[in-house]
Structure formats: structure tokens, C-alpha cells
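Each remark here refers to the structure printed beneath this line.
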Amino acid sequence: MATTAPSYPATAAAEPRGLVSWLTTVDHKRIGVLYIATAFVFLLLGGFLALLIRAELALPGAQLLTDQQYNRIFGMHGTTMIFLFVIPLLVGLGNYIVPLQIGARDMAFPRLNALSYWLYLFGGLVLYSSWVVPEGAPAIGWTGYLPLAGGQFSPSRGVDLWAISLIILGASSTMGAVNFITTILNMRAPGMDLWKMPLFTWSVLVTAFMVLLATPMLTGALAMQLADRNLGTQFFSAQAGDPVLWQHLFWFYSHPAVYIMILPAMGVISEVLPVFSRKPIFGYSAIVWSTIAIGVLGFSTWAHHMFTTALPPLLEAFFVLSTMIIAVPTGVKMFNWIFTMIGGSLKLDTPLLYAIGFLSMFLIGGISGVFQAILPIDRQVHDTYWVVGHLHYVLFGGTVFGIFAGLFYWLPKIAGWRLDEKLGKTQFWIQLVGFNLTFFPMHILGLLGMPRRYFDYPASRGWTELNFTATIGAFLVALAVTIFVVNFVVSARRRIPAGDDPWEANTLEWATSSPPPVYNFPRIPEVHSLRPLWDARQALREQEAARQ
Amino acid sequence: MSDHPNNPHDEMIHLPAPSAAPIVVAAGMTLALTGLLFPTLLVVGVTLLAIGIGMWAFGSR
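Protein sequences, first through last, are from chains G and X.
Here this note's numbering is used: the first residue of the first sequence is 1, the next is one more, and so on.
Here this note's numbering is used: the first residue of the second sequence is 549, the next is one more, and so on.
Here it is, written out as C-alpha cells:
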């Protein structure tokens, strides 16, 4: 520990203030807040790009964009939402909550934690700086497939900036993963063995291992792409190299990335459901093993994105099987979550609504994913709007609903005040309706043959009504996000105190004040069970009963 | 849940001091990498990176 470090008496709170304190902070809670706030700004940017896409596709013919503008916008939308919103927001929640959940005072490497955040912010700025270079932002989708992303077809410096920004974001993720693993394995409160660890922390631990193993593959591939574009190497050229090699390397990262995005959201759901069902989680160890199984199997399914690249039949069979098998641990979790609610005393507050939204929407996304594991179906729907519908049911219906469940659940702890319930519920229902209006029709559009990534479509194909419906849905989702912003501002002004434990929850983050002091806990608690706060409340009840 | 017995009420809690080193290192790394495309940024980036690493190393003694 640094000798220059400030020391606090166990009962005193000393919160630094001012802009400089935010620029130099190494406190995991402030870094978590920075991650969450920055990711939310990128959500608004990526969401604005999504509205432009949907406005363009609402009707046949060019509406408000040129074809090249459209290509840039949908690529930037995908890159923004995945690399700058979903993953970092979950990292932000993990940063804030994990040390509190395990009874630690901070992350293991506080300065490395700050470095991870600043690299994330600067990586995002590098990506967005591609709008101002002469040839503009990259028009290569979020997948950057070769040869489209090569120098011949995409000479723009924007593509190089895209690759450099992803390398920077990868460095940030890798440092974050090392920090999470070290913190969780070494800094748990006395008595908290791995089998007494909260499920959100488990999900962050498994995710961190996935990030650590998968990210170097993408970083290497991006370096090779940069070398092809700038140094004359031919790793991915059709003449001397292999463009399909890019797809293997890209999806070896990006399919595990789907689980990197969904596992922490599953962890949120595993925290919210027992608290709002007033019951212990059903099948704790089954959920832990399922999380580990998803983490391991997640590395064996990447080539199901490449069934149309003429893989050898044996490999195709392997990836079909592995894709179907990974649905098993996911199904186990689904059953455990449903059985957690069955027989419970459900408290239908906004976090639970979002958790139930997660279960139902992610179920649709998961099942449509199993369809795609079947080769003949995959070949029919590949690169159609079916896939766009499927991936949004997983990453929006799943992860983003999980993120909102987490924000409504933990914001009282982070801010010290509660969000307005009525506005929260209004947001949820509008978001649920808008989401389904946007993405369900895309499955039908895909089956009707509408290709993804296209800027326009002819009126004669009969796709207009479904596209128009999807556009209305997208604007409803935007309305829901706007309501969240209004709710945040209104609630911040009202400042209705949340109390230390507004939900009567089970885990250690609720044992300290809201917001927690800079040192988290005046004294490190000792843990005897999976639900330390329930234990404490139970002990109090017994004491009171004994007195009477 | 109970208080850990080796953690008496009057303990002093030591936390790491705030530091500008992470933001300087991050800015240096970003500019150095972007400098591979725009060489003038490379000089600024490497300089910042060296300063940041120095702040990090000497600030931790």
C-alpha cells in the first residue's frame, strides 16, 4: 500500500470533491460511476444512430441518408453498443458492486482500475474521431470482415482508427479482467468461501476469465489487419492469405463476447429474483456450475457464425452440436430462476419487472438461436433480418433489460436516493412494447428474405408494413430511455432517502450506508452463510422475540 | 454476519492516494497508438507515456 495513502479512522467519512478528485480517483466506486455514466452517454449516441437507421428503413426509397452514410451509421451503431455501452456498463456495475459484495475496501489494483477506465474513455473518443477524418467513419459493420475492411475497398483512415480504438478497448478490458480475478480470489471477507459468494460476483469472475482468454485473439487479429492495410502484409488477402482467417479470429473473441455481455446480466437477475420473491435462490450451486459451463462452452461455438463459409462437414457437425449443448446450462438457469419465483411472495417493483422482462425476452432470443444452430435453417436465414432480430433479443431483450434491472436495484445504494417507481414502471412497459414492436417483425422480414445491412428495399417486396412497425417500436424504445433520464433527474432533485437496505436484500453491499463511505465498511464483516444480511435480520428478530 | 475479531473498532483504514498517473498513462498510450497513423501524435504520446510511468513508479514509493 502506498505510504502516501490517506488513513481514515473507522468511523469518519472523508469524500474528496471537485473535478480534479474525479480525474485522479482510484476509488472503485467512483470509477464504477464514471464507467456507468460514460457508457450511458454512448448508449444515447448509439441509440441516436439506431433511430437514424430505423428512420431510413421506415419506407422504401432514400429517406434522409445516402447509402454510404447509412453504411457508416450501422457500423458505428454496432461497435458503439457492444464495445462502448453494454460491456463497459456491466464493468461499471461490477466495479461498484463486487468489492462491496465480497466485503473488500477496494479493487486489488486501484490505479490499474483507473487506467482501465481512462483507456476505455479514450478508446471511445478515438473511435468517434473517425467521423472527422477526411474519408469519414468506417463503413464496415461492427464485424470488419475482409476484404471489405481491407485497403482496396475501404481506404478510409476511419477503418484504422476503428481498429486502433478496439485495441485500446481490448487493453482496457484485459486490465479490468486481471483486476476482477485478483480481487475476487484474494480479497473476500473472512468466512466467504467461493460457495458463499454472491451470484453476481460469480458471474463477474467467470466473465473476467473469458475476457482474459478471448481478448488477445481480437487484439492480434486487429494488429494483423492494421499491418495488411498499412505495411503491405497479406494475412487476410485472398491471393496470399485467407480472408476467412479474419472471421475465425474475430468470432473466437466475438462469440464469447456474447456471453461476456450476458453472464453479468444473468448475475444481476440472480440477485434481483430472490430479493423480490422473498425466497432464497433456487439451486445456487446449479447456477454457479451453469455459469462456469457457459464460460467454458462459450469458446467452442464461434464457427456457427461461419456456416456459409464452406467449413469441413465434421467441423460443421461439431459446431452444430456445441451450439445446441450450450443451451443446456442456460436452460438450467432458466428453470432455477423460475423456481425461485414459484411460491415466492413477489414484490412487483421495477427491478423485478425488468428481471421478468429479461427472462421472457432472452428466452425468445435463446430459442431462435437454437434454430440457427440447425444447418439448413442457418443457411436460409444467414445475413437476413432474422439474425438482427435474434441478436437483439439476446443483447437487448436479455442484457439491456438485465442492465436496467441492475440500475433500478443498485442505484439507491450508489446514489443514496430512490428512483421514482411510477416512472420506472412506465418506462418498463413502454420499453417492452417498443422492443417487441421493433425486433419481432425482423424475424418475419428475415424469413421473407430481407437481407441485413441493406440501405433500401423495393416497395414490391411487401416488407414496408413490417419495417414501418419496427421503426415505430424503435421510437417507443427511445421514449422509454428518455423517461429513464427524466426519472433520474427528477429523483435526483427530490432525493428521497433510500436507506441502507431499501429492498431487504441479502448481500454485503446492503450492510453499509447508501452511498457507502470511501472505505466501504467501518469494520470488515465476517460471513457465515450465503445470505449474511438475512442472517443479521433473523438474529435481530430472534432477539426481539426473546425480549418479549 | 458479524464483525471480524481481528478488526478492532479503532483501526486506521489505509486506502491508496488519488493519482494522476493512470489518466496520463492512458492518454500517452492512446496518443502513441494513434500516432502510428499520425506521426506527430506519436512524439506527444510517447512523452506523456514516459511521464505517466514515471509518476506511477515514483508515486508508489
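All residues carry an ideal CB built from backbone N, CA and C; glycine is no exception.
Source: prediction; values computed, not measured.
Here E421 (chain G) has D349, T350 as same chain residues with Cβ atoms under 7 Å from its own Cβ, once five neighbours each way along the sequence are excluded. Beta-bridge pairing by DSSP links T384 (chain G) to G:P451. In this chain, the alpha helix (DSSP H) harbouring K333 (chain G) covers 327 to 341.
The C-beta distance from P274 (chain G) to G94 (chain G) rounds to 19 Å, too long to fall under 8 Å, and the pair is not in contact.
If only uninterrupted alpha helix (DSSP H) runs of at least 4 residues are considered, those enclosed by the segment 428 to 507 of chain G are 464 to 494.
N113 (chain G) and N520 (chain G) have their C-alpha atoms spaced approximately 17 Å apart. Bounds of the alpha helix (DSSP H) holding F404 (chain G) are 401 to 415. For E135 (chain G), there is no enclosing alpha helix (DSSP H), as DSSP marks it with neither H nor E.
A distance of 8 Å or more separates the beta carbons of G267 (chain G) and V527 (chain G). Scanning its chain for C-beta atoms nearer than 7 Å, with the 5 sequence neighbours on each side dropped, one finds around I164 (chain G) the residues V126, in chain order.
For V332 (chain G), same chain residues with a beta-carbon under 6 Å away, outside a window of 5 residues either side, are A286, S290 in chain order. The shortest CA-to-CA distance from V489 (chain G) to any of G:L419, G:L314, G:W337 is the one to G:L419.
The Cβ of M603 (chain X) sits no closer than 8 Å to any Cβ of chain G.
From the beta-carbon of T25 (chain G), the residues of chain X found nearer than 7 Å are P566.
In the DSSP annotation of this structure, G150 (chain G) is not part of any alpha helix (DSSP H), being labelled neither H nor E. The three-state reading of DSSP puts P525 (chain G) in strand, counting E and B together. Following the DSSP letters along the chain, one finds F235 (chain G) in no alpha helix (DSSP H), marked with neither H nor E. For G47 (chain G), the enclosing alpha helix (DSSP H) has its first and last residue at 28 to 57. Non-local C-beta neighbours of L249 (chain G) in its own chain, meaning closer than 6 Å and more than five positions away in sequence, comprise M217, A221, ordered along the chain.
Within chain X, no residue has its CB atom less than 8 Å from the CB of R188 (chain G), the nearest being about 12 Å off.
Under the three-state reduction of DSSP, D349 (chain G) is assigned to coil, being neither helix nor strand. Pairing P256 (chain G) with F299 (chain G) gives a Cβ-Cβ distance under 8 Å.
Per the C-alpha coordinates, the member of G:G449, G:I472, G:F85, G:L353 positioned closest to I53 (chain G) is G:I472. S21 (chain G) reaches chain X at P566, counting residues in chain order whose Cβ is nearer than 9 Å. Under the DSSP assignment, H77 (chain G) falls in the alpha helix (DSSP H) whose first and last residues are 67 to 79. Contact between W417 (chain G) and R495 (chain G) holds, since their C-beta atoms are separated by about 5 Å, short of 8 Å. Residue environment analysis places G366 (chain G) among the buried positions, since at least 16 neighbouring C-beta atoms fall within 10 angstroms of its C-beta.
V518 (chain G) carries a coil assignment under DSSP once its states are collapsed to helix, strand and coil.
DSSP, read as helix, strand or coil, puts M192 (chain G) in coil. A direct Cα-Cα distance of roughly 31 Å separates A474 (chain G) from K413 (chain G).
When the Cα atoms are used, E465 (chain G) and G424 (chain G) turn out to be separated by approximately 31 Å. Counting along the chain, the unbroken alpha helix (DSSP H) around E544 (chain G) starts and ends at 532 to 547.
Against F122 (chain G), the close residues of chain X are A574, A575, T578, in the order they occur along the chain (beta-carbon pairs closer than 7 Å). In the three-state reduction of the DSSP assignment, G144 (chain G) falls in the coil class. The C-beta distance from F236 (chain G) to M224 (chain G) rounds to 7 Å, short enough to fall under 8 Å.
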